[in-house]
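One structure is given here, and the rest of the page talks about it.
Protein chains in written order, with the numbering used here: chain A, 190 to 615; chain B, 9 to 94.
So this is what it looks like as structure tokens:
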């Protein structure tokens with residue numbers, strides 16, 4: 190009977206446990222987890238914080254489903270690995286033996302580096318405990334500050350706002366999420382936030398957090414402006430939790446380095462999810478992805494490979510969906526702007542000032558390569574999202590309509606939609 | 009008068025959806041549970057979304073709450089055959 194051990198009960202760890210149980214019904218599966226709340230939907234935390242769902246809704250496996258996995262569930266922190274003796278040493282001194290080990294420890298919010306970051310009132314949104322902590326601090330009409338440029342920062346902004354706080358949102362640059370959005374899209378998001386009453390501060394960074402008796406009461410910006418606040422939300426990216434692997438001498442870089450079978454540099458030790466830096470078999474580069482669907486995919490593969498199959502991870506088309514300032518936003522393939530001069534950009538919509546009803550706004554941006562569509566962003570109405578995803582995945586040859594797209598970029602999105610219906614759909 | 013007009017328009021919407029089922033795109037789903045929470049019939053829509061299965065629960069009213077509320081555009085109405093195929 191093989192002994193499997195999984196450290197971490199995020200989506201990678203739990204998925205691996207499910208796959209192992211399916212492939213090896215008699216194996217012994219131990220799940221070591223230091224989160225007192227067990228397994229829950231991390232992406233759901235933003236919706237819990239902004240009061241869209243109650244806490245119990247975050248638990249997406251029923252007690253029965255968990256029971257049926259017949260896991261040996263260990264609540265505790267893994268402190269060290271003894272690779273030679275195949276053992277995990279817990280903080281309380283327990284030593285647990287494994288035949289196959291999976292590191293699925295995830296990632297944490299990058300800690301702030303400015304003075305005062307130890308003050309009460311600085312918050313992050315990694316875990317359910319973090320969300321509960323924020324909910325204890327929120328007070329109607331009191332000021333709050335959020336820093337960071339991505340989805341988690343927006344979840345903090347919207348969560349604090351939903352509880353009536355006056356939210357100041359600091360952006361490091363000139364616009365929101367410049368890495369992925371074009372200017373129209375950034376302005377669209379910023380306009381919607383401003384209309385909700387969020388105060389945006391451009392080119393603003395924190396010099397220090399100020400407080401009295403250990404409690405935060407203001408931040409000072411690098412331009413010497415002092416803004417009072419009771420809560421400071423920090424979402425400046427994430428760091429994979431590699432300590433355990435590093436101390437055991439496994440090969441690490443930003444994350445734990447694994448090959449396409451999700452094997453680390455040590456025998457019988459695998460890594461999956463946000464902690465893993467996986468070799469991309471096409472480019473040979475190791476990549477940390479820190480996305481929920483990727484983590485689930487890693488978990489599936491790591492579980493199967495631990496249980497005896499040998500399947501390589503193939504990095505799929507990049508695909509992410511998020512609600513950005515109330516707009517469902519799908520990002521399919523490569524949507525970064527202006528990277529390749531040979532790529533033609535076709536857009537429609539997104540002009541906030543032209544639309545009376547904010548709910549009606551939708552934006553489509555399609556990046557057309559020489560032969561095929563390489564990426565698309567669809568904000569708001571998702572009608573075109575599925576056709577575009579299909580064409581990008583299939584690398585449908587659109588070179589026949591490229592001249593028409595060049596001639597009349599205004600009609601470009603319609604041309605592509607018609608091309609899909611006539612040439613690709615059936 | 010006003011009420012009967014509203015109910016007839018709701019009826020129209022139901023008639024238009026006859027034979028439709030709520031179908032998920034599993035890779036969009038992040039298991040946040042907004043769909044299950046808002047289902048007036050207490051169907052665990054999220055379960056179907058996770059497994060990529062059409063919601064064939066006979067209690068489903070096709071009211072569209074889950075479709076409209078999903079923050080990631082996971083759910084849509086689709087006409088499915090008796091075994092859940094097109």
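Quick reminder that beta carbons are idealized off the backbone N, C-alpha and C, glycines included.
Asked: Using a Cβ-Cβ distance under 8 angstroms, would residue 241(A) count as near chain B?; Found: yes
Asked: Ordered along the chain, which non-local residues of its own chain (more than five positions away) have a Cβ less than 7 angstroms from that of residue 339(A)?; Found: 366 and 424
Asked: DSSP state of residue 561(A), grouped into three classes?; Found: coil
Asked: Just grab the DSSP bridge partners of residue 355(A) for me.; Found: 332(A)
Asked: Could you have a look at residue 327(A) and say whether DSSP puts it in helix, strand or coil?; Found: coil
Asked: Assess contact between the region 483–502 of chain A and the region 516–531 of chain A, defined as three or more Cβ pairs (one per stretch) separated by less than 8 angstroms. Is contact present?; Found: no
Asked: In the region 40–59 of chain B, which residues sit with their C-beta less than 8 angstroms from some C-beta in chain A, listed in chain order?; Found: 40, 41, 42, 44, 45, 54 and 58
Asked: Closer than 8 angstroms, CB to CB, is residue 209(A) near chain B or not?; Found: no
Asked: Let me check one thing: in DSSP terms, what residues is residue 297(A) bridge-paired to?; Found: 428(A)
Asked: Nearest to residue 324(A) by CA position, among 336(A), 300(A), 350(A) and 303(A), is which residue?; Found: 350(A)
Asked: Output, in sequence order along the chain, the residues in the region 511–529 of chain A whose CB is closer than 8 angstroms to any CB in chain B.; Found: 511, 512, 517 and 519
Asked: What does a CB cutoff of less than 7 angstroms around residue 242(A) pick up in its chain, not counting 5 residues either side in sequence?; Found: 233 and 236
Asked: Expressed to the nearest angstrom, what Euclidean distance is found between the alpha-carbon atoms of residue 94(B) and residue 207(A)?; Found: Unreliable positioning characterises residue 94(B) in this predicted model, as indicated by a pLDDT of 40, which lies under 50. The coordinate reading is nonetheless provided below. Approximately 29 angstroms, taken between the alpha carbons.
Asked: Short of 7 angstroms Cβ to Cβ, which residues in the region 248–268 of chain A face chain B?; Found: 249
Asked: What are the partner residues of residue 410(A), as DSSP defines its beta bridges?; Found: 395(A)
Asked: Using three-state DSSP, classify residue 520(A) as helix, strand or coil.; Found: strand
Asked: Give a yes or no on whether the C-beta atoms belonging to residue 429(A) and residue 464(A) are separated by under 8 angstroms.; Found: yes
Asked: Spatial neighbours of residue 613(A) within its chain, please: C-beta separation below 8 angstroms, excluding the five flanking residues on both sides.; Found: 576, 579, 580, 583 and 585
Asked: For a contact defined as C-beta to C-beta under 8 angstroms, what are the partners of residue 81(B) on chain A?; Found: 510, 517, 519, 571 and 574
Asked: For residue 282(A), is the classification buried or exposed, using 16 other Cβ atoms within 10 angstroms of its Cβ as the cut-off for buried?; Found: exposed
Asked: Restricting to Cα atoms, I'd like to know which of 506(A), 399(A) and 530(A) is closest to residue 307(A).; Found: 399(A)
Asked: List the residues of chain A that residue 36(B) touches, going by C-beta distances under 7 angstroms, in chain order.; Found: 510
Asked: Are at least three pairs of beta-carbons, each pair with one atom in the region 359–373 of chain A and one in the region 392–410 of chain A, less than 8 angstroms apart?; Found: yes
Asked: Can you confirm whether the region 47–54 of chain B touches the region 66–75 of chain B when touching is taken to mean that 3 or more C-beta pairs between the two stretches lie within less than 8 angstroms?; Found: yes
Asked: Quick one: any contact between the region 247–266 of chain A and the region 289–306 of chain A, if contact means 3 or more CB pairs under 8 angstroms?; Found: no
Asked: Between the C-alpha atoms of residue 39(B) and residue 79(B), what's the straight-line distance to the nearest angstrom?; Found: 11 angstroms
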